[in-house]
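One point on numbering: in the numbering used here, the residue at position 78 of the sequence shown is 495, and numbering is uninterrupted. As structure tokens, the structure follows; a few thoughts come after it.
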Amino acid sequence: MYEIRFSGKQKKQFKQLLDKLSPKVKDKIKDILQNHPSPSPTHGETLCKVERKGKLYCIEVTGGDRILYDIIKIDKDKKFVLIRYSGNDDGEIRFLRRHAK
């Protein structure tokens, strides 16, 4: 199981993003981040699918919102998901231009 950590001020933005969503979507996002954050070859649903964007992974949430994160594996027991950005798709483009070169 992966532990969720945040980069900079992302904890507040992540919580604001989750507050806008329904409980079902919140649970699905938390499940993806904690249990299987890597992209899979088959996406059963188009909701909350995981993609690779440069060096980061991306969850496309409904309404044009995105969550960008890194997967960090130190040992078998120490695995982290580092949230780097959460917000709308316009902010995602700006973030990727600055940080994911």
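C-beta atoms are modelled at their ideal positions from N, C-alpha and C, and glycine is treated no differently.
Out of curiosity, what's the CA-to-CA distance linking residue i and residue j?
i, j, result
"Gly481", "Arg469", "17 Å"
"Ser519", "Leu513", "Residue 519 lies beyond the range of the chain shown here (418 to 518); nothing can be said about it."
"Lys447", "Lys490", "18 Å"
"Val498", "Val467", "13 Å"
"Leu438", "Cys465", "12 Å"
"Leu434", "Lys441", "14 Å"
"Ile510", "Glu477", "13 Å"
"Pro456", "Gly471", "13 Å"
"Lys443", "Asp492", "28 Å"
"Gly508", "Arg483", "9 Å"
Which residues in the same chain as residue i place their Cβ atom closer than 6 Å to its Cβ, once the five residues preceding and following it in sequence are excluded?
i, result
"Lys496", "Tyr419, Lys490"
"Cys475", "Glu468, Arg483, Leu485"
Would residue i and residue j be called neighbours here (beta carbons separated by less than 8 Å)?
i, j, result
"Pro454", "Ile500", "no"
Please work out which residues of its chain come closer than 7 Å, Cβ to Cβ, to residue i, disregarding the five sequence neighbours upstream and downstream, and give them in chain order.
i, result
"Gln451", "Met418, Tyr419, Ile421"
"Arg515", "none"
"Leu473", "Leu485, Tyr486, Asp487, Arg501, Ala517"
"Gln430", "Ser503, Gly504"
What does a CB cutoff of less than 8 Å around residue i pick up in its chain, not counting 5 residues either side in sequence?
i, result
"Gln427", "Ile500, Arg501, Tyr502, Ser503"
"Asp506", "Gly481, Asp482, Arg483"
Under a CB-based cut-off of 8 Å, is residue i close to chain D?
i, result
"Leu438", "Given the protein chain composition of this structure (a single chain), no chain D is represented."
message: Under 8 Å, with one C-beta from each stretch per pair, do the region 440-455 and the region 419-430 reach the 3-pair mark?
response: yes
task: Could you name each continuous alpha helix (DSSP H) segment of 4 residues or more that falls completely within the region 443-517, going from the start of the chain to the end?
output: 506-516
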